[in-house]
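Participant:
Number of protein chains: 2
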Amino acid sequence: MIDSYKTVGENTYEMIKKDIIFGNLKPLKKLKLNELKNNYKTSISTLREILSRLSGDGFVVYEEQKGFYVSPVSESDLKEIANLRILIESHALKYSLENSNPDWEGSLLAAHHKLNLYENKLLKNKTEERSNWKRYDSEFHQTLVRNCNSNNLIELHKLIFDKYLRYQLLVLTFRGSGSIEEHKKLLDYCLERNFKKAQMVLEEHIQNGIIHANKSF
Amino acid sequence: MIDSYKTVGENTYEMIKKDIIFGNLKPLKKLKLNELKNNYKTSISTLREILSRLSGDGFVVYEEQKGFYVSPVSESDLKEIANLRILIESHALKYSLENSNPDWEGSLLAAHHKLNLYENKLLKNKTEERSNWKRYDSEFHQTLVRNCNSNNLIELHKLIFDKYLRYQLLVLTFRGSGSIEEHKKLLDYCLERNFKKAQMVLEEHIQNGIIHANKSF
DNA sequence: TTATTAAAAATATCATATATTTTGGAAATT
DNA sequence: AATTTCCAAAATATATGATATTTTTAATAA
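Respectively, the protein sequence lines represent chains A and B.
Note that the first sequence ends on residue 915 in our numbering; no numbers are left out.
Note that the second sequence ends on residue 915 in our numbering; no numbers are left out.
#1: A:Gln-905: buried (16+ other C-beta within 10 angstroms of its C-beta) or exposed?
#2: In this structure, how does DSSP classify B:Phe-766 when only helix, strand and coil are distinguished?
#3: Pick out the complete beta strand (DSSP E) segments inside the region 828-890 of chain B, 3 residues or longer, and give them in chain order.
#4: Can at least three beta-carbon pairs, one atom from the region 796-816 of chain A and one from the region 761-772 of chain A, be found at a separation below 8 Å?
#5: Taking all protein chains shown into account, decide if A:Lys-861 is buried (16 or more other Cβ within 10 angstroms of its Cβ) or exposed.
#6: Does the Cβ-Cβ distance between A:Ser-769 and A:Phe-757 come in under 8 Å?
#7: From the beta carbon of B:His-881, is the nearest beta carbon of chain A less than 8 Å away?
#8: Determine whether the Cβ of B:Lys-704 lies closer than 8 Å to any Cβ atom of chain A.
#9: Which two residues bound the contiguous alpha helix (DSSP H) that contains A:Glu-778?
#10: Quick one: does A:Ile-700 have its CB under 8 Å from some CB of chain B?
#11: Strictly below 8 Å CB to CB, what residues from chain B border A:Arg-751?
#12: Answer yes or no: does any C-beta atom of chain B fall closer than 8 Å to that of A:Ile-779?
#13: Note down, in chain order, all residues in the region 838-857 of chain B with a beta-carbon under 8 Å from any beta-carbon belonging to chain A.
#14: Near A:Glu-880, which residues of its chain fall below 6 Å by C-beta distance, leaving aside the five closest residues on each side in sequence?
#15: Just reading off the beta strand (DSSP E) that A:Pro-761 is part of, what are its end residues?
#16: Is it true that the CB of B:Ile-786 sits closer than 8 Å to the CB of B:Leu-854?
#17: Check the Cβ-Cβ distances between B:Leu-813 and every residue of chain A, and say whether any is below 8 Å.
#18: Give me the Cα-Cα distance between B:Asn-722 and B:Arg-891, rounded to the nearest whole angstrom.
#19: Where does the unbroken alpha helix (DSSP H) through B:Ser-805 begin, and where does it stop?
#20: Reducing DSSP to helix, strand and coil, say where B:Met-699 ends up.
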């Protein structure tokens with residue numbers, strides 16, 4: 699995937715965010731301007747802009763006169779994020795289902811198909827596909843909420859989802875067939891427009907997800 | 699209230715945010731760096747940091763190569779924000795009540811007392827107290843959620859609440875005794891730890907709030 | 001009116017300079 | 001040995017000026 703942004707700032711923003719989510723920049727790591735300047739080859743002013751944005755997103759913490767560092771992780775934070783994700787994603791899903799239409803159903807089906815492809819690869823222990831799997835997992839869940847007809851809700855979900863994603867990449871592992879079945883059920887209940895059941899599966903899905911957290915905080 | 703921040707950036711951030719929320723910087727207004735530089739007496743680099751942060755918060759929109767402008771307002775956005783506020787604030791309130799304790803009950807009582815003072819002033823048409831009233835209204839609602847034991851939830855609520863506040867100051871007016879009664883009921887049900895009823899009042903309170911939006915979008 | 005285009009304005013980025021604050025460790029004190 | 005004091009080095013905060021690009025404006029041509 700080639701850079702789709704023009705500006706240095708936008709590209710570097712994506713790079714740093716990715717490095718935080720993927721754990722290349724470890725939690726609590728001090729983000730020294732001069733160091734980043736060398737590593738990302740951008741000016742300090744541009745970097746400060748980027749870190750300011752990231753602190754708004756919650757991936758970076760800023761302290762006056764002390765500077766920036768990567769947001770910490772903790773088990774309690776993970777639980778908070780998971781609960782928030784259940785709240786937001788369920789809520790959005792409800793509206794997506796109310797607004798359900800053939801277009802959306804089609805895109806959901808498509809998203810699930812692609813996700814399932816990578817799930818099967820991972821079942822066969824092709825762990826090098828992990829990053830692709832996460833990508834399609836994200837896309838599937840984004841699609842779930844996309845039809846809710848509230849941009850604020852979609853934006854919010856993306857934010858929370860990214861935070862959850864960070865934990866997944868840091869401390870969670872592929873759960874195997876359990877997760878696969880949940881995705882399938884989720885799809886089916888959505889196509890049936892059965893919110894109650896879909897919601898239950900979704901909640902279970904997210905809750906099951908964090909049980910697999912290894913205790914390496 | 700004297701500036702409690704040291705840095706120019708922090709102070710100017712608060713100023714610009716306030717100017718957006720209070721409508722001194724109108725929706726869709728282009729935020730030209732040079733103009734801001736003159737008005738707020740800060741350098742362009744500092745301003746870009748600030749605007750980057752505000753775009754993360756959703757008060758400013760950023761477009762590559764085009765720069766920054768004040769986020770637009772619309773009736774549909776207001777409705778989205780209100781719904782989101784109901785969702786988040788109710789959810790947080792539920793946990794606040796579950797964790798209820800004398801300390802929190804005391805602070806809630808105190809917050810309501812102060813709010814009520816200003817509500818009564820406004821009833822007597824002392825409209826110059828409007829900004830104080832909003833301040834104590836904010837504090838009361840912040841107190842409602844403060845006991846939920848989830849920092850993520852508290853942060854999120856603050857963000858949404860500020861967006862709602864902006865609409866209140868731009869297009870909404872004081873509803874009078876209806877709002878006052880709702881606050882009182884809310885307090886009472888909270889002290890009784892009756893989530894169901896408290897939640898109903900809260901939802902009603904927020905819904906009633908946006909009915910008063912005049913159509914000047 | 002619409003399209004074209006050149007000039008002006010504004011953004012994006014970087015480098016550099018200065019003042020201030022924080023940090024890390026040496027030296028002094030308890 | 002532990003704590004405090006104090007200074008130099010590192011890092012942050014802010015401002016300014018320079019340059020390349022991009023967008024906007026407005027004048028001109030079709």
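Each residue gets a CB set at the ideal place from its N, CA and C atoms; glycine is no exception.
Facilitator: In brief:
#1: exposed
#2: strand
#3: none
#4: no
#5: buried
#6: yes
#7: no
#8: yes
#9: 773-796
#10: With a pLDDT of only 41 at A:Ile-700, under the threshold of 50, the placement of this residue in the model should not be trusted; the figure read from the coordinates follows. A:Ile-700 does not count as touching chain B.
#11: Ser-750, Arg-751, Ser-753, Gly-754
#12: yes
#13: Ser-848, Asn-849, Asn-850, Leu-851, Glu-853, Leu-854
#14: Val-899, His-903
#15: The question names Pro, yet the displayed sequence has Glu at residue 761 of chain A. Looking at the DSSP string, the run of the beta strand (DSSP E) that includes A:Glu-761 is 758-761.
#16: yes
#17: no
#18: 40 Å
#19: 800-821
#20: Per-residue confidence for B:Met-699 stands at a pLDDT of 38, beneath the threshold of 50, marking its modelled position as unreliable; no derived number is given.
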